[in-house]
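Quick note, the sequence shown lines up with residues 9 to 109 if you use our numbering.
One structure is given here, and the rest of the page talks about it.
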Amino acid sequence: MKVYIAEPISGTTDYIERFSKAAEQLREMGHDPINPAAESAHLPANTPYESLLFIGLGLLASCNCIYLLKGWEKSIGANREYGFALGLEMFVMREGDQNGS
(Lines of atoms letter the chains of each structure in order from A and count residues from 1; the text may use other names and numbers.)
(Lines give C-alpha, C1' and ligand atoms only; values in the text may rest on other atoms or scores of the structure.)
Protein backbone atom coordinates (compact mmCIF):
# COMPACT_ATOMS: atom_id res chain seq x y z
CA MET A 1 0.00 0.00 0.00
CA LYS A 2 1.24 3.51 -0.82
CA VAL A 3 1.17 5.44 2.49
CA TYR A 4 1.47 9.20 3.06
CA ILE A 5 3.03 10.22 6.38
CA ALA A 6 1.44 13.16 8.22
CA GLU A 7 2.58 14.92 11.37
CA PRO A 8 3.53 18.40 12.57
CA ILE A 9 6.42 20.11 10.81
CA SER A 10 6.00 23.78 11.72
CA GLY A 11 7.47 24.61 15.09
CA THR A 12 9.51 21.40 15.33
CA THR A 13 13.21 20.77 14.84
CA ASP A 14 13.36 16.96 14.56
CA TYR A 15 10.66 16.35 11.96
CA ILE A 16 13.11 15.02 9.35
CA GLU A 17 14.23 12.28 11.73
CA ARG A 18 10.65 11.45 12.78
CA PHE A 19 9.46 11.22 9.16
CA SER A 20 12.47 9.08 8.21
CA LYS A 21 11.88 6.70 11.12
CA ALA A 22 8.20 6.36 10.20
CA ALA A 23 9.10 5.73 6.55
CA GLU A 24 11.50 2.96 7.56
CA GLN A 25 8.86 1.34 9.80
CA LEU A 26 6.33 1.45 6.97
CA ARG A 27 8.86 -0.14 4.58
CA GLU A 28 9.46 -2.93 7.09
CA MET A 29 5.68 -3.50 7.15
CA GLY A 30 5.75 -3.92 3.36
CA HIS A 31 4.34 -0.49 2.44
CA ASP A 32 5.58 2.15 0.02
CA PRO A 33 5.91 5.29 2.18
CA ILE A 34 5.61 8.83 0.88
CA ASN A 35 7.67 11.14 3.09
CA PRO A 36 6.66 14.77 2.44
CA ALA A 37 9.60 16.06 4.50
CA ALA A 38 12.05 14.29 2.20
CA GLU A 39 10.10 15.26 -0.92
CA SER A 40 10.17 18.96 -0.05
CA ALA A 41 13.78 19.04 1.17
CA HIS A 42 15.03 20.10 -2.28
CA LEU A 43 12.68 23.10 -2.48
CA PRO A 44 13.91 26.63 -1.70
CA ALA A 45 13.84 27.52 1.99
CA ASN A 46 11.50 30.44 1.28
CA THR A 47 8.82 28.29 -0.38
CA PRO A 48 5.48 29.56 0.97
CA TYR A 49 3.64 27.35 3.46
CA GLU A 50 0.53 27.07 1.28
CA SER A 51 2.68 25.94 -1.68
CA LEU A 52 4.23 23.22 0.47
CA LEU A 53 0.78 22.14 1.61
CA PHE A 54 -0.53 21.93 -1.96
CA ILE A 55 2.50 19.84 -2.97
CA GLY A 56 1.79 17.56 -0.02
CA LEU A 57 -1.86 17.20 -0.99
CA GLY A 58 -0.79 16.23 -4.50
CA LEU A 59 1.46 13.53 -3.06
CA LEU A 60 -1.33 12.40 -0.74
CA ALA A 61 -3.75 12.11 -3.66
CA SER A 62 -1.46 9.47 -5.18
CA CYS A 63 -1.69 7.28 -2.06
CA ASN A 64 -4.06 4.63 -0.71
CA CYS A 65 -3.58 5.49 2.95
CA ILE A 66 -2.58 8.27 5.35
CA TYR A 67 -0.41 7.46 8.38
CA LEU A 68 -0.93 9.93 11.21
CA LEU A 69 1.98 10.21 13.60
CA LYS A 70 1.48 11.20 17.23
CA GLY A 71 0.75 14.88 17.61
CA TRP A 72 -0.89 15.24 14.19
CA GLU A 73 -4.00 16.73 15.83
CA LYS A 74 -1.98 19.82 16.83
CA SER A 75 -0.94 20.55 13.25
CA ILE A 76 -3.15 22.66 11.00
CA GLY A 77 -1.46 21.14 7.94
CA ALA A 78 -1.86 17.54 9.13
CA ASN A 79 -5.51 18.24 9.92
CA ARG A 80 -6.01 19.53 6.39
CA GLU A 81 -4.27 16.43 5.01
CA TYR A 82 -6.46 14.20 7.19
CA GLY A 83 -9.63 15.91 5.96
CA PHE A 84 -8.46 15.56 2.35
CA ALA A 85 -7.75 11.85 2.92
CA LEU A 86 -11.22 11.36 4.44
CA GLY A 87 -12.75 13.08 1.43
CA LEU A 88 -10.97 10.56 -0.80
CA GLU A 89 -12.13 7.70 1.48
CA MET A 90 -8.56 6.60 2.16
CA PHE A 91 -7.57 4.03 4.71
CA VAL A 92 -6.29 5.74 7.88
CA MET A 93 -3.51 4.38 10.11
CA ARG A 94 -2.42 6.04 13.33
CA GLU A 95 0.91 5.67 15.09
CA GLY A 96 0.35 3.40 18.05
CA ASP A 97 -2.51 1.47 16.42
CA GLN A 98 -2.05 -2.22 15.78
CA ASN A 99 -1.46 -1.49 12.06
CA GLY A 100 0.69 1.58 12.68
CA SER A 101 3.48 0.38 15.05
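C-beta atoms are modelled at their ideal positions from N, C-alpha and C, and glycine is treated no differently.
In this text, all values refer to a predicted model and were calculated from it rather than measured experimentally.
- Counting only residues of its own chain and dropping the five nearest sequence neighbours on each side, N43 has a CB closer than 8 Å to the CB of I13, F27, S28, A30, A31.
- Residue state for A49 is assigned as coil, using DSSP reduced to three classes.
- Here S70 is not near E15, since their CB atoms are 9 Å or more apart.
- In this structure, R102 lies near Y75, with their beta-carbon atoms less than 9 Å apart.
- For I63, the enclosing alpha helix (DSSP H) begins and ends at 57 to 69.
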